[in-house]
Amino acid sequence: MMQQLYDTPEADLLDEIRQLRAKLGDKVLILGHHYQREEVIAFADVTGDSLKLAQHAASTPAPYIIFCGVHFMAETADILTSDAQTVILPDLAAGCSMADMADDAQVRRCWQELAEIIKPDETVTPVTYINSTAALKSFCGEHGGIVCTSSNCQRVLNWAWDRREKILFFPDQHLGENTALAMGVPEADMIVWDPARPLGGNTPEAIDRASLILWKGFCSVHQLFRPEHATAMREKHKGIKILAHPECSRGVCETADFVGSTEAIIQHVAAAKAGQAFAVATELNLVNRLRLHNPDKPVYFLSPTICMCSTMFRTDPQHLLASLREVDEGHVAHPIAVPQADQRWGKLSLERMLELA
Ligand code: 13P
Ligand code: SF4
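First residue of the sequence shown: 486, per my numbering; consecutive thereafter.
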């Protein structure tokens, strides 16, 4: 079917999407992450960052949720919806390279290694960034831990430290580090855990001393932004404000005027006065949309090279239409179905987060 859709003129595709969308009505909810391309986001019933979309998934009565985003987002929606609801990821190959940087076996091994030095179940709260597999959310639920997103990370870290003296934070080193630094946590209290090395590359003394253990993971898109890009922008455009997503490196976040989630960046630009210029360090589709929606404010992409999330880009009108056709015909070929074993604890760690938000 996909080849036939790629051979169909775009205007016909968009027409059929419009017609099916209207026909299906409340039977379907289309969620669109801010990194989706324009032709897809145009059909989203709700657009948002990871937190906002998870909140909508948790509260919708729609029998079908089409998640225009990446795999971990659809898994999260499946955990938060009832068994009677079906979650669809239009292209199953839309993953997240950061989420792949920590797997269940590696995190369990880390926990065992920590147990050789400290008692992790008494002293460490595991915190997983929502950009992770359902198995890791389940691990956190089972071990007294929680999920965070880029928009509630500070609140979640406070929650975690209120319970136990240390945090194991995975898979994104940068979100954990940038958030903790902004909270005034001294650098000396943090260590990085490299899953490829024994004890994560740390000494037992360093593990014993640390209050924040940061998994060595990163986003391949956000790591492309550099502090020198901000310097060049400031030299070229006097008074420009630099906005960065917290998945960017410490150097970029420290030089930024504002650090926040995709939703927070959108609100920040919308609230600024006309004429204010911005250079934004996050995914290209969102930066282009900021420009489109704020014609009175010059918006630049921070990096001189293109940084796009290629997996977010996999969702196109063809895949969206194929998903709508499946709903219409009543046979969803590949729904996102988190294994039962990960549902219970995964839900607990997500609900702990949603209660905080
Ligand atoms: P947000 O939660 O800010 O939308 O970020 C999700 C993400 O994957 C950013 O790379
Ligand atoms: Fe994952 Fe980075 Fe893409 Fe976000 S931008 S979905 S973290 S690869």
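Where a beta carbon is used, it is the ideal one built from N, C-alpha and C, also for glycine.
Of the listed residues 788, 790 and 599, nearest to residue 689 (C-alpha basis): 599
Cβ separation of residue 765 and residue 787, assumed to be a contact under 8 Å, to the nearest whole Å: Right, the Cβ-Cβ distance comes to about 6 Å (below 8 Å), so this counts as a contact.
Within the stretch 644 to 675, ranges of the beta strand (DSSP E) (whole runs, at least 3 residues): 651 to 655
Check: residue 585 C-beta below 8 Å from any heavy atom of the ligand 13P: For residue 585, the CB stays at least 8 Å from every heavy atom of the ligand 13P.
Residues bridged to residue 532 [DSSP beta-bridge criterion]: 517
Selection from 515, 533 and 575 that minimises the alpha carbon distance to residue 844: Because the chain is modelled from 486 through 842, residue 844 falls outside the range shown and cannot be assessed.
Start and end residues, alpha helix (DSSP H) containing residue 625: 619 to 627
Check: residue 796 C-beta below 8 Å from any heavy atom of the ligand SF4: Correct: residue 796 has its Cβ closer than 8 Å to the ligand SF4.
Residue environment, residue 533, which counts as buried when at least 16 other CB atoms sit within 10 Å: buried
Distance, residue 622 Cα to residue 635 Cα: 16 Å
Collapsed DSSP secondary structure at residue 610 in the structure displayed: Strand at residue 610.
CB contact flag (residue 603, residue 511, <9 Å): Contact flag unset, no.
CB of residue 702 within 9 Å of CB of residue 834, strictly: Going by C-beta atoms, residue 702 is not nearer than 9 Å to residue 834.
Residue 668, buried or exposed, once every other Cβ within 10 Å from all chains shown has been counted against 16: exposed
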